[in-house]
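Novice: Please see the structure below; I have some questions.
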Amino acid sequence: SVRINFDKENFNDILALIDYLSIFNEYNNFYCYCIPIYDDNTNEEVINYKDSNYYFSKIFNKMIDNKLIKTEKYFNLKRKNSFCRATNECSRVFDVFGNQYKCTHLDRAHMVNTNIPNECNSCIYLPLCQGGCSVKDLDKDRCYIYKYCFNEVLNAIIRLRNIDARIMEDK
């Protein structure tokens, strides 16, 4: 899989990259996904969690148009045993220099937390996000991006279902 990090500065280039990556859309084992670069400070290039809907709307639509997202399985909304791909046994994170990490934020001892705060228990997205990213367990906002992009995920799923329905009608 290919993870594409983006911020406000490179966002238009990422949309062009998605167009280019469409050459791989027939490969069943090709998977790419885009993740905003977040920061807790006031860096102007990074994406604010609450603005992520705008960016994900454009990315999801571009990926659907280029057939890089073909089914709703892409969004993997089923129950997760792990919040982060890096906590899975065979996953690794590579930086731009080729350095390999298990997690770019934490050591293994801090990767698991089963304590879900009360405010998450009343959130309508809890069954989907399972409480968010493990790094956010450390006295940070647990909603992370999940709460702010679920509307776009659900809109993309509806669009995919409509495409499937039109294909079935044409047969």
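Mapping of the sequence shown onto my numbering: position 70 corresponds to residue 70, and the numbering continues sequentially without gaps.
We put the beta carbon where it would ideally sit given N, CA and C, even for glycine.
Grab me the residues of K67's own chain with a C-beta within less than 7 Å of its C-beta, minus the 5 sequence neighbours each way, in chain order.
Specialist: Cβ within range, chain order: S22, N25.
Novice: Rounded C-beta distance between V46 and I59? I'm assuming under 8 Å.
Specialist: The pair is not a contact, with the Cβ atoms about 16 Å apart (cut-off 8 Å).
Novice: Looking only at its own chain, which residues have a Cβ that is under 6 Å from the Cβ of N5, when we skip the five neighbours before and after it?
Specialist: Correct list, in chain order: I35, I37.
Novice: Quick one: Cα of K73 to Cα of N61, how far?
Specialist: In a straight line, the C-alpha of K73 is about 16 Å away from that of N61.
Novice: Using C-beta distances below 6 Å, list every residue in its chain close to F75, excluding the 5 sequence neighbours before and after it, in chain order.
Specialist: V153, listed in sequence order.
Novice: So the candidates are L160, D170, E169; which of them puts its Cα closest to the Cα of I69?
Specialist: Looking at the Cα atoms, L160 is the closest of the given residues.
Novice: Smallest Cα separation from T71: which of D164, N43, K171?
Specialist: The shortest C-alpha separation from T71 is found at D164.
Novice: How close, in whole Å, do the beta carbons of C149 and F11 come, if the pair is a contact with beta carbons under 8 Å?
Specialist: With a Cβ gap of about 15 Å, C149 and F11 do not count as contacting.
Novice: Jot down the residue ranges of each uninterrupted alpha helix (DSSP H) in the region 31–66, minimum 4 residues, whole runs only, in chain order.
Specialist: Counting only runs of 4 or more, we get 52–65.
Novice: Considering just the uninterrupted stretch of the alpha helix (DSSP H) at I14, what are its terminal residues?
Specialist: Taken as a continuous stretch (DSSP letters only), the alpha helix (DSSP H) holding I14 covers 11–21.
Novice: Name the DSSP beta bridge partners of R3, please?
Specialist: Per DSSP, Y33.
Novice: For C32 and I14, what's the separation of their Cα atoms in angstroms?
Specialist: Distance between the alpha carbons of C32 and I14 is about 12 Å.
Novice: For A149, which three-state DSSP category applies?
Specialist: It should be pointed out that residue 149 corresponds to Cys in this sequence rather than to Ala. Reduced to three states, the DSSP call for C149 is helix.
Novice: Hey, N53 and N151 are a contact pair by Cβ (cut 8 Å); roughly how many whole angstroms apart?
Specialist: So it is a contact: roughly 6 Å between Cβ atoms.
Novice: Indicate the three-state DSSP secondary structure (helix, strand or coil) for L160 in the structure shown.
Specialist: In this structure, L160 counts as helix in the three-state DSSP scheme.
Novice: Alpha carbon to alpha carbon, how far is N43 from N28? Give it in angstroms, no decimals.
Specialist: Spanning the two alpha carbons is a distance of roughly 38 Å.
Novice: Look at the alpha carbon of I18 and the alpha carbon of I64, and state the distance between them as a whole number of angstroms.
Specialist: Approximately 10 Å between the Cα atoms of the pair.
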